[in-house]
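Chemist: Residue numbering for the sequence shown follows full-length UniProt numbering, starting at 1 and increasing by one per position. Glycine is no exception: its CB is placed at the ideal position from the N, C-alpha and C atoms.
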Amino acid sequence: MTTDTDSGSFRRLHSHGVVPPFLLERLQGAGARATLLADREMRAGREVVQARTAIAPRTGGTLERTISDAKATRDLPGQQVRAEGENPTGDAATDEAYDGLGATYAFFDEVYGYSSLDGSGLPLDATVHYGRDYDNAFWD
1 MTTDTDSGSF
11 RRLHSHGVVP
21 PFLLERLQGA
31 GARATLLADR
41 EMRAGREVVQ
51 ARTAIAPRTG
61 GTLERTISDA
71 KATRDLPGQQ
81 VRAEGENPTG
91 DAATDEAYDG
101 LGATYAFFDE
111 VYGYSSLDGS
121 GLPLDATVHY
131 GRDYDNAFWD
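(1) Just tell me which of E41, G100, D109, T127 has its CA closest to the CA of S120.
(2) Going by beta carbon distance, what residues of the same chain come within less than 7 Å of Y105, once the five residues before and after it are set aside?
(3) What is the rounded straight-line gap between the Cα of Q80 and the Cα of L23?
(4) Using three-state DSSP, classify A137 as helix, strand or coil.
(5) Could you name the residues of the same chain whose beta carbon sits closer than 8 Å to that of A71, not counting the 5 residues immediately before and after it, in chain order?
(6) Please name the residue in F138, Y114, A83, A38 whose C-alpha comes closest to that of T73.
(7) Exposed or buried, A126, counting other C-beta atoms within 10 Å across all chains shown (16 or more means buried)?
(8) Can you give me the C-alpha to C-alpha distance between A56 and D118, rounded to a whole angstrom?
Printed below as a string of structure tokens:
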């Protein structure tokens with residue numbers, strides 16, 4: 001994420017991963033190789049989608065989270081398993097993703113005074129159980 005210092009506006013950068021590809025390439029374990037291949041596919045797919053569509057944030061100031069489960073496939077977003085206000089599911093990945101999105105929303109609200117990532121109430125969506133042995137995270 002970057003901040004335009006002249007206007008104070010917030011611009012989004014797309015397709016970021018927690019572990020950068022150059023580090024995964026250095027690790028080169030079997031799991032890292034599988035993750036690198038999945039990363040390349042994910043990045044290529046996102047570039048195509050971003051070229052065809054624009055994200056239209058919803059206006060408002062309420063937290064809206066949705067967690068989906070890819071069930072060890074690479075099909076996104078997967079089946080919705082938890083939505084805003086629903087009770088914990090008991091699946092650690094689902095419930096941690098839900099709580100993490102809440103912490104992210106709170107961070108942007110408390111630190112930047114933003115309603116969500118874009119300041120306009122952008123819904124926060126996550127997918128868990130993506131692929132097999134996928135040891136990274138993406139956001140866009």
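Modeler: Quick answer:
(1) D109
(2) Hits under 7 Å: L63, S116, L124.
(3) Between Q80 and L23, the C-alpha separation is close to 32 Å.
(4) coil
(5) The identity of residue 71 in the sequence shown is Lys, whereas the question assumes Ala. Once the five neighbours on either side are set aside, the close Cβ partners of K71 are G78, Q79, H129.
(6) Comparing alpha-carbon positions, the option among F138, Y114, A83, A38 lying closest to T73 turns out to be A38.
(7) A126 counts as buried, since no fewer than 16 other beta carbons sit within 10 angstroms of its beta carbon.
(8) Residue placement at A56 is poorly supported in this model, since its pLDDT is 44, which falls under 50; the coordinates still yield a value, given next. The straight-line gap from Cα to Cα measures roughly 10 Å.
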